[in-house]
Structure formats: structure tokens, C-alpha cells
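Chemist: To get this note's numbering, take the position in the sequence shown, counting from 1, and add 747.
Where is the CB? At the ideal position from N, CA and C, for every residue including glycine.
A quick note: this is a predicted structure, and the numbers were derived from the prediction, not measured.
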Amino acid sequence: MPCAMTLDDFDRRILDALRMDARLSNVDLAARVGLSHSAISRRVRRMEEQGVIRGYHAAVDPVAAGQGAGLRQRPTRAGNAGRRPCRKLAAIAEVTGVWILSGDFDLMIEIVAVDMAAYARIMLERVQTTAGVASTHSMFVLATVREP
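The structure is reproduced here in C-alpha cells:
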């Protein structure tokens with residue numbers, strides 16, 4: 748796990764602007780933050796190298812893209828399965844995210860399925876047969892209020 752980097756007000760303003768629009772150019776960031784574009788470039792590069800900025804991603808709506816809906820699953824690991832089920836679940840093409848949790852459930856996975864029949868097939872043939880998965884609990888996203 749990376750060490751926490753000390754951020755100043757300019758760094759935080761850069762991060763806030765990139766959270767709102769990761770496609771901003773260094774020139775646009777400079778205008779918003781009040782630094783030169785070369786200073787912005789150095790700061791962004793430093794935050795990338797230190798792991799503060801882990802990447803730039805498109806937020807794709809699976810329904811609008813014709814890929815179906817995002818469904819959440821909370822699998823419970825069997826006994827001392829460790830992280831093995833996590834790696835196996837992450838390798839399933841329809842699994843778009845895997846998280847290790849604290850609390851009543853061990854894991855959470857996100858699955859994108861075109862319809863309930865596809866979801867059932869993924870669950871029955873891929874997730875529930877994964878070595879180290881003892882049980883599963885389904886959750887369906889009814890509406891998205893805010894995403895990261």
C-alpha cells in the first residue's frame with residue numbers, strides 16, 4: 748500500500764478538478780487552479796508516480812451501452828480460502844469489480860449482465876461454482892444517486 752503523500756491546497760484543487768472532469772488538459776487545469784501549465788504538469792506527474800492518481804477512466808453506463816444492468820453479489824468465502832476466490836472471481840469476464848469487505852460478508856462483486864437469464868447463468872455456472880465461495884447474497888441496483 749502506498750504511503751500517504753503530503754498534498755497542499757493546489758494539489759487538492761487539481762484533484763477536485765480532475766474528479767469532476769478527468770479529461771481536462773493541463774492548460775485548463777492551470778486556469779482553474781491558478782498555476783502555470785508546467786507546474787500543473789509536474790504536480791500531476793508527481794501524484795501519478797506516488798499513486799495518488801491511479802488512472803483516468805470513462806464512467807460507462809452499462810444500460811445505455813446496451814450491456815445490461817450492474818448487479819451486486821456478496822459472496823462468503825469458505826473456511827480458510829484466503830484471496831484465491833477473489834482472483835478467480837475477478838477473472839470472470841462479466842465481473843467488473845471485486846472488493847474485500849469487513850462485516851457480515853467477505854466480498855462484494857459487481858456483475859454486468861444483459862438480462863436476468865444471463866445473470867442466472869453467470870451465478871449458477873461461474874460464481875457459485877468458484878472454489879472457495881461458500882454462499883452468495885444478491886443485491887440489485889434500483890437507482891444510482893451518486894457514483895465515485
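Pull up the DSSP beta-bridge partners for GLY826, would you.
Modeler: DSSP output for GLY826 lists no bridge partner at all.
Chemist: Going by DSSP in three states, PHE757 sits in which element: helix, strand or coil?
Modeler: Note: PHE757 maps to helix in three-state DSSP.
Chemist: Under 8 angstroms, do TYR866 and ILE856 count as touching if we go by C-beta distance?
Modeler: Going by C-beta atoms, TYR866 is not nearer than 8 angstroms to ILE856.
Chemist: Give the straight-line distance between the Cα atoms of GLU841 and GLY781, rounded to the nearest whole angstrom.
Modeler: Rounded to the nearest angstrom, the two C-alpha atoms are 43 angstroms apart.
Chemist: Is the distance from the Cβ of GLN814 to the Cβ of SER885 below 8 angstroms?
Modeler: Contact: no.
Chemist: Quick one: which unbroken alpha helix (DSSP H) runs of 4-plus residues sit fully inside the stretch 825-890? Chain order, please.
Modeler: List check, alpha helix (DSSP H) in window: 831-837 and 863-869.
Chemist: DSSP state of ARG819, grouped into three classes?
Modeler: Strand, per DSSP.
Chemist: Compute the beta-carbon to beta-carbon distance between THR891 and MET870, rounded to the nearest angstrom, for a pair I have assumed lies under 8 angstroms.
Modeler: Contact doesn't hold; Cβ gap of about 22 angstroms is too wide.
Chemist: So VAL874 and PRO809 are in contact, right, with Cβ under 8 angstroms, and what is the actual spacing, rounded?
Modeler: Not confirmed; about 18 angstroms, so no contact.
Chemist: Output yes or no for whether 8 angstroms exceeds the beta carbon distance between VAL799 and MET863.
Modeler: Going by C-beta atoms, VAL799 is not nearer than 8 angstroms to MET863.
Chemist: Cα separation between ALA837 and LEU854?
Modeler: Taking the straight line from one Cα to the other gives about 11 angstroms.
Chemist: Could you please give the first and the last residue of the uninterrupted alpha helix (DSSP H) stretch that includes ILE808?
Modeler: Per the sequence shown, the amino acid found at residue 808 is Asp instead of Ile. Run containing ASP808: none; DSSP gives neither H nor E here.
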